[in-house]
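All the letters of the sequence shown, read from the start, carry residue numbers 2 to 227 under the working numbering.
Backbone N, C-alpha and C define an ideal beta-carbon position, used for all residues, glycine too.
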Amino acid sequence: MLDPIESLKTKMVLACKVLQQQRIVDVYGHLSARLPDGRLISTPHMPPGKVALRDLIIIDSDGKKLEGFGEPNGDTAMHTSIYKARPDVQCILHYHPDELVAVSISGQGIKVVANCGVHFYRGTPIYDSPVLIRTEELGDKVAATLGDRNAVLLRGHGGTVVANDLDTLLRLGLDLVRTARIQIMASTLGPLKTHSQAECEQMVKFHDRPNTNRRFVDYYISEVVD
Ligand SMILES: [Zn+2]
């Protein structure tokens, strides 16, 4: 049986492969996960979709590298600040899909216009700066903007999604981009009709069921494994 750290690393590499195959990440972007002892596993400063098991690094809660060959990402402070502010968050994805950048600069934010967007019905705040998150001070500002939500857009830059397990993170990461894409497509056709609060609340009731993400995640993973 794989030890828990190796198992987590394997899941992280698979998640990165899915994100790469779906063209959700490119040269940039990063994925991290929190270990029970507070240390973090992170993709290093390299294209996340090209990361292999041996490339993953372990950093402390302040972002200092403890194990591994690669270097931490430049935006590591965003991860460490969010983990400190949100004890419930166990993994974080940061990426730059065109759809999220476009919505972040529209002044509208994410609207729940499709069922893949209901995870975000409580709102997706926008961090109002394109400057990269290179310091703890900026990391804390992103964490404060995220608040208790599961995603934050960074104006003209990208998005950051958080979850308490990797399956949920992968689902949120893919669904946020998809709902943004549908929002952009529908915007060209005329005014948008959004899901009501009651409709969203009714739908997310089922999201906490065990294995609710299994079918979704299995589909995408089956696309990247032989
Ligand atoms: Zn970025």
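Quiz prompt | Same chain, Cβ closer than 8 Å to proline 131, five either side skipped, listed in chain order | solution = Cβ contact annotation for proline 131 (same chain, cutoff 8 Å, sequence separation greater than five): Leu155, Arg156, Gly157 and His158, in chain order.
Quiz item: Would you report the Cα separation of valine 178 and valine 26, rounded to the nearest angstrom?
Solution: Just so you know, the alpha carbons of valine 178 and valine 26 end up roughly 11 Å apart.
Quiz prompt | Contact test: tyrosine 128 Cβ vs ligand 1 heavy atom, cutoff 7 Å | solution = Answer for tyrosine 128: no, Cβ out of range of ligand 1.
Quiz item: Taking only runs of the beta strand (DSSP E) that begin and end inside the region 110–169, which ones reach a length of at least 3 residues, in chain order?
Solution: Entirely contained in the region 110–169, the beta strand (DSSP E) runs reaching 3 residues are, in chain order, 152–155 and 159–164.
Self-check item: Beta-ladder partner(s) of histidine 95, from DSSP
Solution: The secondary-structure analysis by DSSP pairs histidine 95 across a beta bridge with His31 and Thr161.
Quiz prompt | Which listed residue (Gly50, Lys51 and Ile60) has its alpha carbon closest to that of serine 43 | solution = Relative to the Cα of serine 43, the nearest Cα in the group Gly50, Lys51 and Ile60 belongs to Ile60.
Exercise. Please confirm whether any heavy atom of ligand 1 lies closer than 7 Å to the CB of histidine 158.
Key: Histidine 158 Cβ: within cutoff of ligand 1.
Quiz item: In this structure, what does DSSP give as the bridge partners for serine 43?
Solution: Beta-bridge analysis with DSSP links serine 43 to Ser33 and Ile58.
Quiz item: What number of angstroms, rounded off, separates the C-alpha of valine 226 from the C-alpha of glycine 39?
Solution: Rounded to whole angstroms, valine 226 to glycine 39 spans 30 Å at the Cα level.
Self-check item: Identified DSSP bridge partners for lysine 66
Solution: By DSSP's assignment, lysine 66 forms a beta bridge with Ile60.
Quiz prompt | Proximity test, leucine 147 beta-carbon vs ligand 1 heavy atom, cut-off 7 Å | solution = Result no, Cβ not under 7 Å from ligand 1.
Quiz item: Expressed to the nearest angstrom, what Euclidean distance is found between the alpha-carbon atoms of glycine 69 and arginine 172?
Solution: Rounded to the nearest angstrom, the two C-alpha atoms are 28 Å apart.
Quiz prompt | Per-residue DSSP class, three states only, for serine 197 | solution = When DSSP states are grouped into helix, strand and coil, serine 197 belongs to the coil group.
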